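A.B. asks: Once you've had a glance at the structure underneath, I'll fire off some questions.
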Amino acid sequence: MVLVDTLSINVQNPFWGSDSDRYNQDRFKSIKQTDLLYNLYVFGFGHKK
């Protein structure tokens with residue numbers, strides 16, 4: 019069994035800055051798509067239908 023700490027990846031990650039516990043839509047304006055691959059884990063990865 020493998021467990022992934024999604025809280026650490028999505029909120030406690032230094033990539034998102036000091037206000038990572040608050041929603042800020044402006045933070046997404048300058049982020050490259052490739053950076054999201056390694057710093058955002060939403061519902062898992064894998065084949066999508």
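Following this note's numbering, the numbering of the sequence shown begins with 19 at its first residue and continues without gaps. All C-beta atoms, glycine included, are put in the ideal place defined by N, C-alpha and C. The structure presented is a predicted model; accordingly, all values stated were derived computationally and were not measured.
(1) So what's D44 in DSSP terms, helix, strand or just coil?
(2) Specify, as a first and last residue, the run of the alpha helix (DSSP H) that S26 falls within.
(3) Secondary structure at Y59, three-state DSSP: helix, strand or coil?
(4) Going by beta carbon distance, what residues of the same chain come within less than 6 Å of Q30, once the five residues before and after it are set aside?
C.D. replies: According to the structure data:
(1) helix
(2) 24–28
(3) coil
(4) Counting only Cβ-Cβ distances below 6 Å, and skipping sequence neighbours, we find nothing.
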